[in-house]
Amino acid sequence: MKYIDEYRDGRLAKDIARQITALADPDRSYHFMEFCGGHTHAISRYGLEDLLPANVRMIHGPGCPVCVLPIGRIDAAISLAMRPEITLCTYGDLMRVPGSEGSSLLKAKAAGADIRMVYSTLDAIRIAEQEPQREVVFFAIGFETTTPPTAMAIKMAIARDLPNFSVFCNHVLTPAAIQNILESPDVRKLGTVKIDGFIGPAHVSTVIGTEPYEFFAEEFRKPVVVAGFEPLDVIQAILMLVKQVNDGRHEVENQYIRAVTIFGNEKAQAEVATYFELKESFEWRGLGQVPYSALRLRAQYARFDAEKRFDLETPAASDNPACECGAILRGVKRPADCKLFGTVCTPDTPMGSCMVSSEGACAAHWTYGRFREKAKEANAGRAVA
Amino acid sequence: MNMVLKAYRRKLDIRNGLVDLSHGAGGRAMGQLIEGIFHKAFDNDWLRAGNDQSAFQVPAGRMVMTTDGYVVSPLFFPGGNIGSLAVHGTINDVAMAGATPLYLSASFIIEEGFPLADLARIAETMGEASREAGVPIVTGDTKVVERGKADGVFISTAGVGVVPPGLDLRSDAARPGDAVIVSGSIGEHGVAVMSKRENLEFEVDIVSDTAALHGLTAAMVGAGGAHLRLMRDPTRGGLAATLNEIANQSKVGFRIDEDGIPMRPEVAAACEFLGLDPLNVANEGKLVAVVAPEGAEAILAAMRNHPLGRDAAIIGHAVSDEHCFVQMETSFGGGRIVDWLSGEQLPRIC
Ligand code: SF4
Chain A
1 MKYIDEYRDG RLAKDIARQI TALADPDRSY HFMEFCGGHT HAISRYGLED
51 LLPANVRMIH GPGCPVCVLP IGRIDAAISL AMRPEITLCT YGDLMRVPGS
101 EGSSLLKAKA AGADIRMVYS TLDAIRIAEQ EPQREVVFFA IGFETTTPPT
151 AMAIKMAIAR DLPNFSVFCN HVLTPAAIQN ILESPDVRKL GTVKIDGFIG
201 PAHVSTVIGT EPYEFFAEEF RKPVVVAGFE PLDVIQAILM LVKQVNDGRH
251 EVENQYIRAV TIFGNEKAQA EVATYFELKE SFEWRGLGQV PYSALRLRAQ
301 YARFDAEKRF DLETPAASDN PACECGAILR GVKRPADCKL FGTVCTPDTP
351 MGSCMVSSEG ACAAHWTYGR FREKAKEANA GRAVA
Chain B
1 MNMVLKAYRR KLDIRNGLVD LSHGAGGRAM GQLIEGIFHK AFDNDWLRAG
51 NDQSAFQVPA GRMVMTTDGY VVSPLFFPGG NIGSLAVHGT INDVAMAGAT
101 PLYLSASFII EEGFPLADLA RIAETMGEAS REAGVPIVTG DTKVVERGKA
151 DGVFISTAGV GVVPPGLDLR SDAARPGDAV IVSGSIGEHG VAVMSKRENL
201 EFEVDIVSDT AALHGLTAAM VGAGGAHLRL MRDPTRGGLA ATLNEIANQS
251 KVGFRIDEDG IPMRPEVAAA CEFLGLDPLN VANEGKLVAV VAPEGAEAIL
301 AAMRNHPLGR DAAIIGHAVS DEHCFVQMET SFGGGRIVDW LSGEQLPRIC
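Taken in order, these protein sequences are the chains called A and B.
If you use the UniProt record's numbering, the first sequence corresponds to residues 1 to 385, in order.
If you use the UniProt record's numbering, the second sequence corresponds to residues 1 to 350, in order.
Put into structure tokens, the structure is as follows:
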């Protein structure tokens with residue numbers, strides 16, 4: 001516990017916040033995007049925004065793997081799970097993600113689909129071993145951090161000669177998405193948002209290192225600070241970004257030296273590369289098609305690829321037209337700008353994906369921060385009266 | 001007659017036997033099960049009378065009645081099992097009205113194939129818990145369902161009690177300015193149970209806080225009943241759900257201070273590891289009291305004098321707020337809402 005307390009020290013945080021306020025140039029504004037939902041969650045949960053000066057604004061990025069999974073992929077998973085021979089193993093937070101017409105894995109389970117919540121890929125392997133008469137499919141999602149465990153599962157399935165295990169692969173890549181936020185046809189449509197720098201997720205970099213961001217920082221002339229998920233990590237990263245902006249630098253800096261290195265975990269990368277390859281394009285909820293942003297199983301492992309094995313199609317499906325997830329995931333709008341926020345759409349009745357996972361921008365704002373809007377409204381009302 | 005019966009009757013093999021459908025069929029096997037396990041464990045005059053109901057004297061005053069169902073998984077966890085939980089939980093529901101709990105009922109739905117030894121252990125724990133609390137289980141029921149139609153054992157309980165004259169605690173009674181007191185460190189039950197869930201097992205020395213709180217509530221009523229607005233046990237949904245419920249019923253908001261909430265470091269660490277918010281995690285031996293400011297210190301002192309309230313603390317106060325928000329100053333110095341949980345609390349993936 002001591003270990004955690006050190007990174008939650010309120011006094012230290014206030015000290016760093018004071019430094020930020022002192023360094024932030026009052027004549028300009030600073031817009032930083034935290035890419036990852038883990039950071040969004042930490043910012044909301046610890047009320048970090050309250051410590052920052054008004055001209056330093058945080059923009060929530062698309063880094064929640066649950067939020068960026070397009071409806072079509074959920075529909076595909078549901079259709080897979082509804083087949084009588086299939087047992088679909090999934091992480092718990094996918095259960096409530098809305099598919100088309102209000103469907104979800106949770107509802108499919110209630111309707112009789114054999115869907116099991118697991119906590120790791122190994123649970124899925126165990127089920128496949130124990131129930132050889134079932135076709136066990138692991139619903140794989142997540143960024144670079146969750147990919148090595150999926151690779152491990154395939155390795156184990158090969159070693160144990162499991163004929164009834166396969167993976168529905170939805171693994172996506174962080175750098176590709178960050179790049180897409182800054183340059184894609186949609187940017188022109190949705191409008192650009194001012195971003196002066198990025199906070200990169202430390203857990204992703206424990207696998208890929210900081211090196212993949214070098215090109216990006218250079219190309220787009222934006223600073224990137226890779227940071228951990230404790231509130232002190234985040235606020236320290238903000239301070240580092242403010243300094244870089246003030247100095248006119250655009251470098252990749254590593255706040256999380258306690259676990260992240262330049263090249264990351266090369267063994268894990270090699271393991272992933274053995275079984276997976278880049279997909280030319282993958283649809284992200286809110287970002288549309290993003291080139292080279294996801295992984296698929298290599299041809300020689302096709303028997304573990306649930307899409308091939310079960311001839312699975314990803315149906316075309318679109319979000320509720322009023323849902324602003326796309327703009328929110330790009331940082332163009334804030335959750336409260338969405339008409340559905342807090343009325344039709346709440347964590348109990350999520351309409352869009354940002355409301356589903358506790359790490360989604362809308363859910364985080366609803367769960368931890370919505371009093372800020374009310375306070376603003378009240379203050380505005382008072383000012384008028 | 002008895003001699004003949006004995007000759008045909010095989011002893012209940014508690015050590016190795018399993019519950020089968022005959023144990024719920026109303027015949028001899030069922031009588032044997034009830035005698036050999038439940039009556040033995042709960043032993044009291046009412047049960048010995050062998051009626052389908054129990055008659056008892058009722059003291060003057062307002063009666064309180066509550067009912068509850070227990071479906072915990074796993075059935076046995078560090079610090080207790082479904083049986084102690086059922087007894088404590090029901091006593092606490094009565095005690096939160098400021099009432100003295102008097103009698104309990106217990107009804108069992110047992111899945112065919114359930115080991116008799118486990119059933120006996122559960123019943124013995126219930127017997128102990130009810131004797132320790134001085135609240136007898138005076139009537140009950142047993143049903144056996146086919147394999148696959150229940151998850152081991154489900155227990156339903158009811159409890160009755162009497163509120164002392166002059167006391168009337170209501171869920172809508174919180175007023176701006178009132179103090180919010182928690183009786184001790186939060187989150188222990190939920191973490192203890194989760195640490196033993198299949199797929200999730202992890203090593204912690206956290207035991208469930210399951211306990212009967214009527215002694216503590218009696219001390220609180222004694223110390224300042226007139227200032228006591230309401231009490232609630234923060235079970236499922238944890239402290240967060242309880243405060244939100246009270247806020248909505250009383251049409252007030254709450255301001256609480258994260259640093260002031262008693263919590264064991266192991267609980268905080270386990271929640272961190274699982275990606276859970278300890279404020280959403282269940283408690284089974286803690287209470288939340290909302291107290292008029294002038295009574296807060298006396299009631300807090302009385303709580304701290306009781307073994308189950310040793311770590312009691314004032315964690316915040318009620319404020320006027322038309323949105324009924326529960327707001328918290330975080331240990332980090334920022335502010336946030338403390339919300340109800342949406343859906344089931346699930347460990348996060350990354
Ligand atoms: S509030 Fe709901 S509908 Fe609106 S953007 Fe967020 S998730 Fe989508």
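Every residue, glycine too, gets a C-beta built ideally from N, C-alpha and C.
Within 7 Å of the CB of Gly-335(B), the CB atoms of chain A belong to Gly-47 and Asp-50, in sequence order along the chain.
Interface flag for Arg-370(A) against chain B is set, since a Cβ pair is found closer than 8 Å. By the 16-neighbour rule on beta-carbons within 10 angstroms, Gln-244(A) is buried.
Proximity of chain B to Ala-13(A) at the Cβ level (cut-off 7 Å) is accounted for by Phe-332 and Gly-333, in chain order.
In the structure shown, His-306(B) falls within a coil segment according to DSSP collapsed to helix, strand and coil. Taking CB atoms only, Pro-62(A) has no neighbour in chain B less than 8 Å away. Taking the CA atoms as reference points, Val-242(A) sits about 20 Å from Arg-11(A). In this structure Leu-297(A) is in contact with Val-167(A), their Cβ atoms being roughly 7 Å apart against a cut-off of 8 Å. For the region 336-351 of chain A, the beta-carbon criterion of a distance under 8 Å to any beta-carbon of chain B is satisfied by Thr-346, Pro-347 and Asp-348.
Contact annotation: the region 228-238 of chain A does not touch the region 130-143 of chain A, with fewer than three C-beta pairs closer than 8 Å.
Counting only runs of 4 or more residues that sit fully inside the region 292-347 of chain A, the alpha helix (DSSP H) segments are 306-309 and 325-329, in chain order. In the three-state DSSP reduction, Val-145(B) falls in the strand class (E or B). Neighbours of Asp-339(B) in chain A, taken as residues whose beta carbon is under 9 Å from its own, are Pro-347, Trp-366, Thr-367, Tyr-368 and Arg-370 in chain order.
Here Gly-352(A) carries a coil assignment [DSSP, helix/strand/coil]. Checking the 7 Å criterion, the Cβ of Cys-64(A) is out of range of every heavy atom belonging to the ligand SF4.
Met-351(A) places its beta carbon 8 Å or farther from that of Pro-70(A). Within chain B, the residues Phe-332 have their CB atoms less than 7 Å from the CB of Pro-231(A), given in chain order. Residue pairing of Trp-284(A) in beta bridges, as defined by DSSP: Gly-288(A). In the structure shown, Phe-216(A) falls within a helical segment according to DSSP collapsed to helix, strand and coil. Taking 7 Å as the cut-off, the C-beta of Gly-288(A) does not count as close to any heavy atom of the ligand SF4. The beta carbon of Gly-237(B) sits closer than 7 Å to the beta carbons of Asn-280, Trp-340 and Leu-341 from its chain, once the five residues preceding and following it are set aside; these are given in chain order.
Look at the region 190-215 of chain A: the residues with a C-beta under 8 Å from a C-beta of chain B are His-203. Within the region 239-256 of chain B, not one residue has a Cβ closer than 8 Å to any Cβ of chain A. Just so you know, the alpha carbons of Ser-358(A) and Pro-62(A) end up roughly 13 Å apart. For the pair of segments examined, the region 157-174 of chain B was found not to touch the region 263-276 of chain B: the number of CB pairs separated by less than 8 Å stays below three. For Lys-374(A), the chain B residues whose C-beta falls within less than 8 Å of its own C-beta are His-323 and Phe-325, listed in chain order. Ser-103(A) does not reach chain B, its nearest Cβ partner there being about 16 Å away, counting only Cβ pairs nearer than 9 Å.
At a beta-carbon threshold of 7 Å, the residues of chain B lying near Ser-44(A) are Arg-336, ordered along the chain. Under DSSP, Asp-257(B) forms a beta bridge with Glu-329(B). With a 10 Å radius around the Cβ and a threshold of 16 neighbouring Cβ atoms, Glu-294(B) comes out exposed. Between the region 103-123 of chain B and the region 221-231 of chain B there are fewer than three inter-stretch CB-CB distances shorter than 8 Å, so the stretches are not counted as touching. Distance from Gly-309(B) to Thr-142(B) at the Cβ level is roughly 36 Å; contact not present, criterion being Cβ atoms closer than 8 Å. For Met-63(B), the CB contacts under 7 Å within the same chain, skipping 5 residues up- and downstream, are Val-160 and Val-162 in chain order. With a beta-carbon spacing of about 13 Å, Glu-284(B) and Ser-185(B) fall beyond the 8 Å limit used to define contacts. Note on geometry: alpha-carbon atoms of Asn-44(B) and Ser-22(B) lie some 26 Å from one another.
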